[in-house]
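**Q**
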């Protein structure tokens, strides 16, 4: 059984459905991965995640390395046993987190030195370390160490970063080929192409990485501050030259609108903190626009709300009650909002896949955005 | 069907089982009420509470009056509809909270003036207000306004407080008899006897309140700093003169040991914050002693732990993982620990009732305390 297969192509655009098969789950694509940095999605349990229907989420190598640390993960027999989760996990390498969280970081061609954002302790990661750590974590899909350029960045700086990234990814792949899994399950290694918004660099990056034997391909370094139109242009350019028979993963994206546009351009995988982070700030997604739980307009809204899908939260609790939970700082507020938003994203992706199968993705997109923008809750 | 009936008496002590019947649940006694101050137990949902088996919890009039406030509760059609909970709720009057949380409080014979602990706003509660507010809340068992003396207190101060309390409780009962329920369900009003640790005052309090037509009787003003032995002596004294055919409620108690001793002395109802508060600090209860999740000894404890009962949490998650959740400040840590501790308290009360039915409560108590004190986890 191959790791990835494309199942349907939409006729008038690059949207496609497919299936990723790991030792632990069959993942229908396009897929959205919730963020469970330390092994659980904030404010909910892994059984909540399973109940919604998710069979993969994203955890983070940098964070897990610092806490609980490799000693515990190794002794536990890997992250799945540690957290009691039987489905797939993708671990990001942590390159991006080192850039955004750690302090006093210094990188040279050999690796990255940084201080922990938790206790200030000094650490050094080589590309090989990142593979070894992910072997210990035992995640199903793993990512190589890359250099994340800021935006905007000059062409020459982006090129220097790209050169280091390529060198690191090759070293990651070599180590990945030469060392072995620690537990029973096979792992899959993706590439991450970089090059900021420069098409010549993206082309070089993708072409060089295509020569190597990665299981899937991620587009890194987007959604870091550039305009959406520029992001879409780069995605469009990348998916034209990325191989068809490997999954394409757009890291760190995004809003429902971002996801629709990227799927239209041929993306298969997404991860993003926004449904869960927005939930914790009282913002709910729905098929009729976003809902601000905390709004004073919800004070006396006792009727159950139709969010355009079967929300286990809004089917049982009024906006007035959810607002009360938020203003009372009850942890339950975040749990309910997180479950609701992840139910929305799950249903949203399911409807997208169905529309591609029925060859009417673009009609779906148009109708969705029309309802979504004409927010009936504002 | 009467509100309360005694079912079994233990032969060699005052322990007894019984049944409280409200419009919403049949509650087996002795019973422990979890604390859901604002309508939900901190860190868990009401469906979690229902899954464990609870069919009553305690909410607080003072807190609900301030947030969400009577306007919202009235418009929602009462607290049960607002929070989507179909079983019973007992509301404390809030007298104790006004003493422990509110600022600038002043009481005279007519009522209490206080400033909100949330925004400093000034409020005034008469005994009648407390009944009216609980009519709007729509809780199943309601409590009158009382004056809570500190400990230690002089005999004359305790007597003054008692006089005011009796006057207030009579006014509460008059208002309760003259006004009507706001929704469909019948409400039941308890008395609260006071008198600190002075037996003559407790006797006077109980005898005077016994003349009046309350549905149950609470012992107030204990577990406020006095030694356990003194508390047990006062309980023993009170239960000798409290009527047999009404439920006896020891407010704000307690630890498993406190509960066993109080049941032996004839108490039927308890509420206490300790299982849920301790959970949030990483302390778990078990039939083999308490467990400190955060202990470094748990770092590599991956085997599932036997807590002497069927814990949905410890059956699925290791101490090492729970410790990781606590140190990572994941909200899930508090949820898991809260569910575990409430499962423990539920099972503990169930075993106590069974031992009374089988007339071996004192053997159960001895064996429990023996296992519990010889903590196998330390």
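Protein chains in written order, with my numbering: chain A, 1 to 378; chain B, 1001 to 1378.
C-beta atoms are modelled at their ideal positions from N, C-alpha and C, and glycine is treated no differently.
Note that this is a predicted model, so its numbers are computed, not measured.
1. Can you tell me which residues form a DSSP beta bridge with residue 217 of chain A?
2. With a threshold of 9 angstroms between beta carbons, is residue 1039 of chain B in contact with chain A?
3. Please report whether the beta-carbon of residue 1176 of chain B lies at a distance below 9 angstroms from any beta-carbon of chain A.
4. Helix, strand or coil: how does DSSP classify residue 1048 of chain B here?
5. Taking only three categories from DSSP, how would you classify residue 22 of chain A?
6. Check the Cβ of residue 1067 of chain B against every Cβ in chain A and list those closer than 9 angstroms, keeping chain order.
7. Less than 9 angstroms between the C-beta atoms of residue 1040 of chain B and residue 304 of chain A, yes or no?
8. Which of helix, strand or coil does DSSP assign to residue 1368 of chain B?
9. Compare the C-beta of residue 342 of chain A with all C-beta atoms of chain B and state if any pair is closer than 9 angstroms.
10. Quick one: is residue 279 of chain A near chain B, going by C-beta distance under 9 angstroms?
11. For residue 1260 of chain B, which of helix, strand or coil comes out of DSSP?
12. Could you tell me the alpha carbon to alpha carbon distance between residue 1209 of chain B and residue 1203 of chain B, rounded to whole angstroms?
13. Which residues mark the beginning and the end of the beta strand (DSSP E) in which residue 1059 of chain B is found?
14. I'd like to know whether the C-beta of residue 1335 of chain B is nearer than 9 angstroms to at least one C-beta of chain A.
15. Figure out for me which residue from B:1103, B:1099 and B:1119 has the closest Cα to the Cα of residue 1151 of chain B.
16. List, in chain order, every chain A residue whose beta-carbon is nearer than 8 angstroms to that of residue 1072 of chain B.
17. Which runs of the alpha helix (DSSP H), 4 residues or longer, sit entirely within the region 279-357 of chain A?
18. Is residue 86 of chain A helix, strand or coil when you go by DSSP?
19. Taking residue 368 of chain A as the reference, give the member of A:60, A:359 and A:351 with the closest Cα.
20. Using a Cβ-Cβ cut-off of 9 angstroms, state whether residue 1354 of chain B counts as contacting chain A.
21. Would the beta-carbon of residue 1025 of chain B fall within 9 angstroms of that of residue 1110 of chain B?
22. Which partner residues does residue 1033 of chain B have in the DSSP bridge list?
23. Which chain A residues sit within Cβ distance under 9 angstroms of residue 1057 of chain B?
24. Determine the burial state of residue 336 of chain A: buried for a count of at least 16 other Cβ atoms within 10 Å of its Cβ, exposed for fewer.
25. Closer than 8 angstroms is the cut-off here; do at least three beta carbon pairs connect the region 46-54 of chain A with the region 67-75 of chain A?
26. Please classify residue 172 of chain A: does DSSP put it in a helix, a strand, or coil?
27. Pull up the distance between the alpha-carbon of residue 173 of chain A and that of residue 185 of chain A, whole angstroms please.
28. List, from N- to C-terminal side, the beta strand (DSSP E) runs of 3 residues or more that fit wholly inside the region 1090-1174 of chain B.
29. To the nearest angstrom, how far is it from the Cα of residue 1334 of chain B to the Cα of residue 311 of chain A?
30. Can you give the Cα-Cα distance for residue 85 of chain A and residue 30 of chain A, rounded to whole angstroms?
31. Among A:273, A:254, A:269 and A:196, whose alpha-carbon lies nearest the alpha-carbon of residue 237 of chain A?
32. Is residue 1361 of chain B near residue 1355 of chain B, with beta carbons less than 9 angstroms apart?
33. Distance, Cα to Cα, residue 38 of chain A vs residue 1328 of chain B?
34. I want to see whether chain B comes within less than 9 angstroms of residue 350 of chain A, judged by CB atoms only; does it?
35. Using 8 angstroms as the threshold, is the region 1145-1163 of chain B in touch with the region 1076-1092 of chain B, meaning 3 or more CB pairs across them?
36. Counting contacts by CB-CB distance shorter than 9 angstroms, is residue 1331 of chain B in contact with chain A?
**A** Based on what the coordinates show:
1. Here residue 217 of chain A corresponds to residue number 217 of the first chain, with the count starting at 1. Answer is A:191 and A:248, bridged to residue 217 of chain A.
2. To locate residue 1039 of chain B, count along the second chain from 1; it is residue 39. Chain A, which has a Cβ nearer than 9 angstroms to the Cβ of residue 1039 of chain B, makes this yes.
3. To locate residue 1176 of chain B, count along the second chain from 1; it is residue 176. Taking Cβ atoms only, chain A never reaches closer than 9 angstroms to residue 1176 of chain B, which makes this a no.
4. Stepping through the second chain from its first residue, residue 1048 of chain B is reached at position 48. Looking at residue 1048 of chain B - three-state DSSP - the assignment turns out to be helix.
5. Walking along the first chain from the start, residue 22 of chain A turns up at place 22. Reduced to three states, the DSSP call for residue 22 of chain A is coil.
6. By one-based count along the second chain, residue 1067 of chain B stands at place 67. Within chain A, the residues near residue 1067 of chain B are 324, 327 and 328.
7. The residue labelled residue 1040 of chain B in the question sits at position 40 within the second chain. The residue labelled residue 304 of chain A in the question sits at position 304 within the first chain. Cβ distance not < 9 angstroms, so residue 1040 of chain B and residue 304 of chain A don't count as in contact.
8. Within the second chain, the letter at position 368 stands for residue 1368 of chain B. DSSP places residue 1368 of chain B in helix when its eight states are reduced to three.
9. Along the first chain, read from residue 1 onward, the residue named residue 342 of chain A stands at position 342. So no, residue 342 of chain A is outside the interface.
10. Here residue 279 of chain A refers to the residue found at position 279 when the first chain is read from its first residue. No, residue 279 of chain A lies away from the interface with chain B (no Cβ there is under 9 angstroms from its Cβ).
11. What you label residue 1260 of chain B is simply residue 260 of the second chain in a count that begins at 1. Residue state, collapsed to three classes: helix.
12. By one-based count along the second chain, residue 1209 of chain B stands at place 209. By one-based count along the second chain, residue 1203 of chain B stands at place 203. Going by C-alpha positions, residue 1209 of chain B is about 10 angstroms away from residue 1203 of chain B.
13. Counting from 1 along the second chain, the entry for residue 1059 of chain B is found at position 59. Per DSSP, residue 1059 of chain B is one residue of the beta strand (DSSP E) stretching across 1056-1060.
14. On the second chain, position 335 is the one that residue 1335 of chain B refers to. Closer than 9 angstroms to some Cβ of chain A, the Cβ of residue 1335 of chain B qualifies, so yes.
15. Taking the second chain and counting its residues from 1, one reaches residue 1151 of chain B at position 151. Nearest C-alpha to residue 1151 of chain B: B:1099.
16. For the purposes of this step, residue 1072 of chain B is identified with residue 72 of the second chain, where counting begins at 1. Contact of residue 1072 of chain B with chain A by beta-carbon distance below 8 angstroms involves 299, 300, 320 and 324.
17. 319-327 and 331-357
18. The residue you call residue 86 of chain A lines up with position 86 of the first chain. For residue 86 of chain A, the three-state secondary structure derived from DSSP is coil.
19. Residue numbering aside, residue 368 of chain A sits at position 368 when the first chain is read from its first letter. Minimum Cα distance to residue 368 of chain A is reached at A:351.
20. For the purposes of this step, residue 1354 of chain B is identified with residue 354 of the second chain, where counting begins at 1. No, because no Cβ of chain A sits closer than 9 angstroms to the Cβ of residue 1354 of chain B.
21. Reading the second chain from its first residue, position 25 is the one you call residue 1025 of chain B. Reading the second chain from its first residue, position 110 is the one you call residue 1110 of chain B. Cβ distance not < 9 angstroms, so residue 1025 of chain B and residue 1110 of chain B don't count as in contact.
22. By 1-based counting over the second chain, the position of residue 1033 of chain B is 33. According to DSSP, which records beta bridges pairwise, residue 1033 of chain B is partnered with B:1271.
23. Position 57 of the second chain, counted from the start, is the residue given in the question as residue 1057 of chain B. Residues of chain A passing the Cβ test: none, with the nearest at roughly 14 angstroms.
24. As a first step, residue 336 of chain A must be located in the first chain, where it is residue number 336. Residue 336 of chain A should be labelled buried.
25. no
26. Taking the first chain and counting its residues from 1, one reaches residue 172 of chain A at position 172. The answer is helix: DSSP assigns residue 172 of chain A an H, G or I state.
27. The residue labelled residue 173 of chain A in the question sits at position 173 within the first chain. The residue labelled residue 185 of chain A in the question sits at position 185 within the first chain. Each residue's alpha carbon lies about 18 angstroms from the other.
28. 1103-1108, 1111-1115 and 1122-1125
29. Counting from one through the second chain, the residue named residue 1334 of chain B turns up at place 334. Counting from one through the first chain, the residue named residue 311 of chain A turns up at place 311. Distance between the alpha carbons of residue 1334 of chain B and residue 311 of chain A: 24 angstroms.
30. One-based indexing of the first chain puts residue 85 of chain A at position 85. One-based indexing of the first chain puts residue 30 of chain A at position 30. Looking at the two C-alpha atoms, the distance is approximately 22 angstroms.
31. As a first step, residue 237 of chain A is located in the first chain; it is residue number 237 there, counting from the start. Measuring from the Cα of residue 237 of chain A, the nearest candidate turns out to be A:196.
32. Along the second chain, read from residue 1 onward, the residue named residue 1361 of chain B stands at position 361. Along the second chain, read from residue 1 onward, the residue named residue 1355 of chain B stands at position 355. The answer is yes: Cβ separation under 9 angstroms.
33. Mapped onto the first chain, residue 38 of chain A falls at position 38. Mapped onto the second chain, residue 1328 of chain B falls at position 328. Going by the C-alpha atoms only, they are around 8 angstroms apart.
34. Here residue 350 of chain A refers to the residue found at position 350 of the first chain. By this cut-off, residue 350 of chain A is not an interface position.
35. no
36. Taking the second chain and counting its residues from 1, one reaches residue 1331 of chain B at position 331. At least one chain A Cβ lies under 9 angstroms of residue 1331 of chain B.
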